[in-house]
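Reading through the structure tokens given below for one structure.
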Amino acid sequence: MLKKTFLLLASLTLISQSLLATPIKRSEQDIDKEVTHLLSKMTIEEKVGQMTQITLAVILDKGSRETGDGLVIDKEKLKKAIHTYKVGSILNSTATALTVKQWNRLIKEIQDEALQTPNKLPVIYGVDAIHGVTYTKGSTLYPHNIGLAATRNLKLAKATAKATGKELRATGVRWNFDPVLDLGVNPIWSRFSETYGEDTYLTTQMGVGVIQAYEEDGLENTTAVASTMKHFIGYSDPANGKDRTPAYIPDIVLWEKYLPQFKAAVDAGSSSIMINSASVNGIPVHGSKRLLTDLLRGELGFKGLVVTDWEDVIRLHTRHMVAESPREAVKQAVDAGIDMSMVPKDFSFYELLVDLVKSGDISEARIDKSVGIILKLKYQLGLFDNAYHEAEAAKNFGKAEYKNLALKAARESITLLKNDNDILPLPKNAKILLAGPTGHSHAPLNGSWSYSWQGDVEANYPENEKTILDAFHRAVGKKNLITHTYAGFNNEKNYDVEGLITKAKKADYIVLALGENAYAESPGALDDLNLANNQMALAQAALSTGKPVIVVLAEGRPRIIKDIVGATKAIVQAYIPGSQGAQAISDVIFGDYNPNGKLPYSYPQCTGDFANYDRVYLNDIQQLTPGDMSYNGYKPQWPFGHGLSYTTFAYSNIKLSSKTLKGDNKLNISVKVTNTGKFEGKESVELYVSDLFASVSPAVKRLKAFKKINLKAGQSKQVNFSISKGDLTFVNPKLKRIVEEGEFTLAIGSEKINFHYQF
């Protein structure tokens with residue numbers, strides 16, 4: 012009876028805390044006054060503690076840290092973190108996903124301790140909810156960013172982010188380390204799937220939409236979370252393709268291609284920014300005052316919170332070798348402009364920074380700048396009003412509409428790369444052989460940042476979540492489906508060539524489910540972009556049967572499949588489609604949905620040819636023999652923007668409002684798009700601009716606008732765009748964005764037209 016009474020009291024306490032006063036919307040002026048007053052009362056130790064972020068494992072007991080079972084916080088470790096080291100932020104989760112109730116209890120225990128500090132300073136908790144709420148049982152997972160970019164549907168991308176923010180807030184976490192604004196220009200890089208592809212404009216539009224979705228309701232609202240644009244800057248193109256390794260990007264390219272999306276994100280009001288873990292042109296970004304203060308704070312005008320990535324302050328000493336000691340590493344990072352260190356496994360940052368301030372090597376005024384920013388974000392998020400989980404937020408978790416949204420996003424992301432003789436969609440009454448390692452595995456469909464960091468443990472996924480095999484069974488029935496796909500990506504049975512050949516004798520078609528197992532960050536490093544040998548052998552075996560072969564790719568980056576492209580009848584790119592991905596794939600294969608995704612990157616033919624579509628003309632030239640120059644440099648397997656449909660579209664009648672664009676005026680463009688096929692379908696209408704001659708070698712073309720339309724068979728629609736001089740600018744050698752007079756070409760589909768720009 013005593014135990015029941017205790018549990019009842021505990022439950023009532025949790026409920027009462029969740030029903031505390033709704034967070035108050037304060038004006039920026041009022042928050043600034045509160046922050047100034049609070050800073051005046053805080054000790055140096057309290058201030059430095061606010062700049063310290065640790066991982067959850069530091070305060071868990073050993074069992075919970077390793078398994079997540081029971082989720083037991085070690086009370087002494089928690090007291091040490093909060094009271095001795097004054098920690099202001101915690102991130103991460105256990106090895107397994109938690110329920111919402113477990114998250115709520117976790118947040119409660121942490122905040123209970125934090126609110127016993129002299130100034131009652133709440134902790135801000137953060138996670139990487141990249142494509143749905145990570146580490147949480149029952150959450151909905153959407154396509155990874157690379158797939159969302161393929162939808163070319165800003166409204167849809169924004170809707171998935173809005174749902175993610177709502178579900179994340181329901182757990183009690185109010186800070187999301189998303190969106191990724193890195194460019195997907197190097198496909199061997201292990202975080203390629205987290206990007207929106209290789210194009211600056213597409214990345215900018217997607218990223219800004221996601222930021223707006225997270226924050227537009229007001230951070231104090233139970234439907235909002237703080238966003239984090241990352242990873243500033245140049246992170247995604249390491250010279251050797253490995254994560255967290257040096258990039259060598261000329262400043263003129265850095266400013267031209269890698270900076271605009273961050274400028275737009277700053278203008279959109281993103282609350283925080285995470286820094287590139289590596290170096291650019293020999294300078295670690297975490298130690299670069301030029302990039303973090305002069306550029307980010309100065310030129311871009313960013314006023315939010317600058318947080319490091321994992322362990323990256325100490326790595327100025329241990330990896331980059333630019334700091335002679337850990338103490339010097341902390342000084343360099345703080346001098347450069349970081350506000351919070353994701354330490355995250357100990358309290359070394361705290362100890363060293365306290366010493367640096369007390370010795371006079373770093374001024375308290377400098378610390379006040381960072382702490383003021385951190386406290387301001389906590390006020391904006393309503394943490395000083397109610398640091399616990401919120402009853403209103405809890406209502407937004409696990410809604411059926413999120414599953415429908417995930418299915419819609421997965422469907423629109425799927426990109427039909429090849430469809431010889433319209434072999435797809437397949438008839439449902441045919442005999443289908445489904446084979447391959449991604450056919451009966453959840454991990455390849457959900458990828459990293461899912462129910463665990465790596466996302467590769469099948470046991471973490473819900474039992475009722477479909478695999479491709481499950482979805483195919485539902486579509487065609489077991490009598491029409493022959494299976495040669497087995498649970499688990501690494502199951503040796505998936506690669507049994509002889510078994511496939513034997514089973515193929517009874518099949519009309521072979522669907523090969525190939526691709527990648529789940530991975531995140533450095534564990535996903537590759538030395539070879541070719542699809543794995545055992546998968547290629549499986550594909551060759553399937554082709555040897557003489558049966559029509561359809562390949563479905565579930566992959567986070569474009570693995571090289573050149574040797575099988577010619578012989579396969581159809582190829583479907585599913586990217587990492589999320590928890591409803593299997594159903595979406597089935598819908599496309601069997602004609603219940605007409606595919607309309609467009610590649611957000613150039614799919615390479617060869618491992619040594621990673622040219623992007625917006626290359627300069629010189630990249631196209633190969634010297635075959637002396638004096639013989641040929642424009643054959645851009646030869647992808649499929650170009651940026653490629654994507655077929657079960658219907659066809661024709662472009663015609665492109666028109667301009669004027670042949671000359673003058674000064675600050677706008678140029679209006681229209682084009683007629685007609686569905687010339689037999690089926691209703693969606694088409695992404697994309698406008699590209701080419702600067703024919705410029706003082707800096709211009710790109711062949713650049714995407715400057717896109718609109719997605721739906722047309723019934725035989726229907727036509729006029730699609731309108733407008734551009735201004737801002738769409739014609741480029742970065743000059745002085746790193747200033749300028750526009751020059753001259754001739755430009757506009758291209759939409761098969762239509763092209765020229766115009767002049769005049770000052």
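Going by my numbering, the first residue of the sequence shown is number 12, and it counts up by one from there.
Note that beta-carbon positions come from the ideal geometry of N, C-alpha and C, so glycine has one too.
From the DSSP output, in three-state form, read off R755 for me. On the sequence shown, position 744 is the one that residue 755 refers to. Looking at the sequence shown, residue 755 is not Arg but Phe. Looking at F755 - three-state DSSP - the assignment turns out to be strand.
Please state the DSSP three-state secondary structure of P295. For the purposes of this step, residue 295 is taken as the residue at position 284 of the sequence shown. Of the three classes helix, strand and coil, the one that applies to P295 here is strand, per DSSP.
T494 versus A581 - alpha carbon distance: Mapped onto the sequence shown, residue 494 falls at position 483. Mapped onto the sequence shown, residue 581 falls at position 570. Each residue's Cα considered, the two are about 19 Å apart.
Mind reading off the beta-carbon distance from L445 to F483? Whole number of angstroms is fine, and I expect it under 8 Å. The sequence position of residue 445 within the sequence shown is 434, counting from 1. The sequence position of residue 483 within the sequence shown is 472, counting from 1. Their Cβ separation, rounded to whole angstroms, is 6 Å, which keeps L445 and F483 in contact under 8 Å.
Give me the DSSP bridge partner(s) of G692. The residue given as residue 692 occupies position 681 in the sequence shown. DSSP lists L722 as partners of G692.
Considering only DSSP beta bridges, list what I526 is partnered with. For the purposes of this step, residue 526 is identified with residue 515 of the sequence shown, where counting begins at 1. Here residue 526 is Gly; the residue named in the question, Ile, does not match the sequence. Beta-bridge annotation (DSSP): G526 is paired with A565.
Thinking C-beta only, is I759 closer than 9 Å to L667? For the purposes of this step, residue 667 is identified with residue 656 of the sequence shown, where counting begins at 1. For the purposes of this step, residue 759 is identified with residue 748 of the sequence shown, where counting begins at 1. Cβ atoms of L667 and I759: not closer than 9 Å.
Answer with yes or no whether the minimum CB distance from Y520 to chain C is below 9 Å. Among the protein chains of the structure shown there is no chain C, as only one such chain exists.
Mind checking whether S370 and V324 have CB atoms under 9 Å apart? Mapped onto the sequence shown, residue 370 falls at position 359. Mapped onto the sequence shown, residue 324 falls at position 313. No, these two residues do not count as a Cβ contact at 9 Å.
By Cβ distance, which residues of its chain are closer than 8 Å to Q769, with the 5 residues on each side in sequence left out? Taking the sequence shown and counting its residues from 1, one reaches residue 769 at position 758. T671, L672, K673, G674, E752, listed in sequence order.
Assuming L179 and V144 are in contact, meaning their beta carbons sit under 8 Å apart, how far apart are those beta carbons, in whole angstroms? In the sequence shown, counting from the first residue as 1, residue 179 sits at position 168. In the sequence shown, counting from the first residue as 1, residue 144 sits at position 133. Rounded, the Cβ-Cβ distance is 5 Å, consistent with contact.
Identify the residues that DSSP records as bridge partners of F203: which are they? Walking along the sequence shown from the start, residue 203 turns up at place 192. Beta-bridge annotation (DSSP): F203 is not paired with any residue.
How many Å lie between P650 and T151 at the Cα? Within the sequence shown, numbered from 1, the residue matching residue 650 stands at position 639. Within the sequence shown, numbered from 1, the residue matching residue 151 stands at position 140. Using only the alpha carbons, I get a separation of about 31 Å.
Would you call the region 516-523 and the region 233-249 touching, i.e. three or more CB-CB distances under 8 Å? With a cut-off of 8 Å on Cβ pairs, the region 516-523 is not in contact with the region 233-249, counting fewer than three such pairs.
DSSP three-state assignment for A446, whether helix, strand or coil: On the sequence shown, residue 446 is found 435 positions in, with the first residue counted as 1. Three-state DSSP puts A446 in a strand.
Just curious, the beta strand (DSSP E) that E762 is in, first and last residue? Mapped onto the sequence shown, residue 762 falls at position 751. Element bounds for E762: 762-769.
In whole angstroms, what is the alpha-carbon distance linking R377 and K58? Counting from one through the sequence shown, the residue named residue 377 turns up at place 366. Counting from one through the sequence shown, the residue named residue 58 turns up at place 47. The C-alpha of K58 is placed about 11 Å away from the C-alpha of R377.
Considering T107, what are the terminal residues of the alpha helix (DSSP H) in which it resides? Sequence index remark: in the sequence shown, residue 107 carries index 96 (1-based). Counting along the chain, no alpha helix (DSSP H) covers T107, and no H or E run does either.
Return helix, strand or coil for K736, following the three-state DSSP convention. Taking the sequence shown and counting its residues from 1, the one referred to as residue 736 is at position 725. In the structure shown, K736 adopts helical secondary structure according to DSSP, grouped into three states.
What separation, rounded to the nearest whole angstrom, lies between the Cα atoms of Y662 and E226? The sequence position of residue 662 within the sequence shown is 651, counting from 1. The sequence position of residue 226 within the sequence shown is 215, counting from 1. Taking the Cα positions, Y662 is about 38 Å away from E226.
To the nearest angstrom, how far is it from the Cα of Q272 to the Cα of A172? In the sequence shown, counting from the first residue as 1, residue 272 sits at position 261. In the sequence shown, counting from the first residue as 1, residue 172 sits at position 161. Whole-angstrom Cα-Cα distance: 17 Å.
May I ask you to list the residues that DSSP assigns as paired with N731? Your numbering for residue 731 matches position 720 in the sequence shown. In DSSP, N731 forms a bridge with S681.
Name the residue from L363, S336, E527 whose alpha carbon lies nearest to the alpha carbon of M547. Position 536 of the sequence shown, counting from 1, holds the residue named residue 547. With distances taken between Cα atoms, M547 lies closest to E527.
Contact set for G447: own chain, Cβ-Cβ below 6 Å, skip 5 residues either direction: Within the sequence shown, numbered from 1, the residue matching residue 447 stands at position 436. Cβ within range, chain order: T496, L523, A524, L525.
Between the region 53-67 and the region 89-104, do three or more beta carbon pairs fall short of 8 Å? Yes, the region 53-67 is in contact with the region 89-104.
D639 versus Y612: straight-line alpha-carbon distance, rounded: Along the sequence shown, one-based indexing puts residue 639 at 628. Along the sequence shown, one-based indexing puts residue 612 at 601. Because the pLDDT at D639 is just 48, under 50, the model does not fix this residue reliably, and the value given afterwards should be weighed accordingly. About 30 Å.
Close beta carbons around N430, own chain, < 6 Å, minus the five adjacent residues each side: Translated into positions along the sequence shown, residue 430 becomes position 419. Closer than 6 Å at the Cβ level, and outside the excluded window around N430, lie A581, L655.
Which value, in whole angstroms, describes the spacing of the CA atoms of I512 and A553? Within the sequence shown, the letter at position 501 stands for residue 512. Within the sequence shown, the letter at position 542 stands for residue 553. So the alpha carbons of these two residues sit roughly 7 Å apart.
Measuring CB atoms only, is the region 147-161 touching the region 430-444, in the sense that at least three cross pairs come out at less than 8 Å? The answer is no - the region 430-444 does not touch the region 147-161, with fewer than three Cβ pairs under 8 Å.
I'd like to know whether the C-beta atoms of L540 and I199 end up nearer to each other than 9 Å. Along the sequence shown, one-based indexing puts residue 540 at 529. Along the sequence shown, one-based indexing puts residue 199 at 188. In this structure, I199 lies closer than 9 Å to L540 by Cβ.
Assuming T756 and S701 are in contact, meaning their beta carbons sit under 8 Å apart, how far apart are those beta carbons, in whole angstroms? For the purposes of this step, residue 756 is identified with residue 745 of the sequence shown, where counting begins at 1. For the purposes of this step, residue 701 is identified with residue 690 of the sequence shown, where counting begins at 1. Contact flag correct, Cβ pair sits at about 4 Å.
Distance CB(N187)-CB(V138) smaller than 9 Å: Along the sequence shown, one-based indexing puts residue 187 at 176. Along the sequence shown, one-based indexing puts residue 138 at 127. Yes, the Cβ-Cβ distance between N187 and V138 is below 9 Å.
On the criterion of 16 or more Cβ atoms from any shown chain inside 10 Å, does G477 qualify as buried, or is it exposed? Working through the sequence shown from its first residue, we reach residue 477 at position 466. One point to set straight first is that residue 477 is Lys, not Gly, in the sequence displayed. Counting C-beta atoms within 10 angstroms of its own C-beta, K477 has 16 or more neighbours from the protein chains shown and is therefore classed as buried.
Give the range of the alpha helix (DSSP H) segment to which G137 is assigned. Against the sequence shown, residue 137 aligns to sequence position 126. Where G137 is concerned, there is no enclosing alpha helix (DSSP H), although the beta strand (DSSP E) it sits in stretches over 135-138.
Cβ neighbours of T256 in the same chain (closer than 6 Å, five flanking residues each side left out): Here residue 256 is taken as the residue at index 245 of the sequence shown, counted from 1. Counting only Cβ-Cβ distances below 6 Å, and skipping sequence neighbours, we find P249, A289.
Taking buried to mean at least 16 other C-beta atoms within 10 Å of its own C-beta, is E335 buried or exposed? Along the sequence shown, one-based indexing puts residue 335 at 324. The residue in question, E335, is exposed, as its Cβ has fewer than 16 Cβ neighbours within 10 Å.
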